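A.B. asks:
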Amino acid sequence: LLSLFCAGVKLIFENELGAADFHLPNKSRILYVSECDIIARNSYKRKLVRYRNSNSSSFQMLVLVENTRVSEQYFPAVQKFVAFDLGLTLLPISGQTEASQLLAQMVMKDNPFRRSSSSRLLDPLVLALVQQHFSSIGQLCNASPAELEPIVGHAAAQQIHNFFHKSSSSAAR
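The opening residue of the sequence shown carries number 281 in the numbering used here; numbering runs sequentially from there.
#1: Just reading off the beta strand (DSSP E) that Tyr-312 is part of, what are its end residues?
#2: Can you tell me which of the three DSSP states Glu-352 falls into?
#3: List the residues that DSSP assigns as beta-bridge partners of Thr-369.
#4: Which residues mark the beginning and the end of the alpha helix (DSSP H) in which Asn-333 is found?
#5: Please return the same chain residues whose Cβ sits closer than 6 Å to the Cβ of Phe-437, not counting the five positions on each side in sequence.
#6: Near Leu-304, which residues of its chain fall below 8 Å by C-beta distance, leaving aside the five closest residues on each side in sequence?
#7: Output needed for Phe-414: all residues of its chain with C-beta closer than 8 Å, excluding positions within five of it in sequence on either side, in chain order.
#8: Comparing C-alpha positions only, which one of Leu-328, Glu-346, Val-410, Gly-367 sits nearest to Ser-380?
#9: Quick one: what's Leu-420 bridged to in DSSP?
#10: I need the DSSP call for Phe-444, collapsed to helix, strand or coil.
#11: Do the stretch 315-324 and the stretch 350-369 touch if we need at least three Cβ pairs shorter than 8 Å?
#12: Identify whether Phe-302 lies in helix, strand or coil by the three-state DSSP scheme.
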């Protein structure tokens, strides 16, 4: 926890977090399974099931599991239970120090793997460029990805083309 303080993360201690050990501002809920929990064997299973069952779909769930020399013989069983049986994301860590560093990093940085909720196509600059080159919806609809690409880039060109042609391609199937 000290490294969280050093990283400038404001910690709030709360007894009413439910099954999760940490709630992060980026809508992530984290459960921490310690070396002691793993060695005690079955005590962690109830905690994990309660955690999985408490999920609301708006939260990303992550399970941090200490994988040390002492607990490494039990780790494959924990990994199988968490990932396969419960379908949760497991991240092995070496201890509390690494866990606190990871939490600080998750709070301070955006998740590079989470897709942005707003599309780049809504950017006023992109809209203005498209409007300059295509004066009507009909022209835009008939434009090929190759025609769109120099204006808006490869990914946006594919998105625009797919938007106009997705219903006809799914109807052909």
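A virtual CB, placed ideally from N, CA and C, is assigned to each residue, including glycine.
It should be emphasised that the depicted structure is a prediction, and the values quoted were computed from it without experimental measurement.
C.D. replies: A quick look at the data gives this:
#1: Here residue 312 is taken as the residue at index 32 of the sequence shown, counted from 1. Note, Tyr-312: beta strand (DSSP E), 308-313.
#2: Here the question's residue 352 lines up with position 72 in the sequence shown. The answer is coil: DSSP assigns Glu-352 none of H, G, I, E or B.
#3: Position 89 of the sequence shown, counted from the start, is the residue given in the question as residue 369. Bridge pairing for Thr-369: Leu-342 [DSSP].
#4: For the purposes of this step, residue 333 is identified with residue 53 of the sequence shown, where counting begins at 1. In the DSSP annotation of this structure, the continuous segment of the alpha helix (DSSP H) that includes Asn-333 starts and ends at 323-333.
#5: Looking up residue 437 in the sequence shown gives position 157. Rather than Phe, the amino acid found at residue 437 in this sequence is Ala. Excluding positions up to five away in sequence, the list reads Pro-425, Leu-428, Glu-429.
#6: Numbered from 1 along the sequence shown, position 24 holds the residue referred to as residue 304. Closer than 8 Å at the Cβ level, and outside the excluded window around Leu-304, lie Ile-310, Leu-383, Met-386, Val-387.
#7: Taking the first residue of the sequence shown as 1, we reach residue 414 at position 134. Excluding positions up to five away in sequence, the list reads Leu-420, Ala-423.
#8: For the purposes of this step, residue 380 is taken as the residue at position 100 of the sequence shown. Cα-wise, what sits closest to Ser-380 is Glu-346.
#9: The sequence position of residue 420 within the sequence shown is 140, counting from 1. Answer is none; Leu-420 lacks a bridge partner.
#10: Counted from its first residue, the sequence shown places residue 444 at position 164. Helix, per DSSP.
#11: These segments touch.
#12: Position 22 of the sequence shown, counted from the start, is the residue given in the question as residue 302. In this structure, Phe-302 counts as strand in the three-state DSSP scheme.
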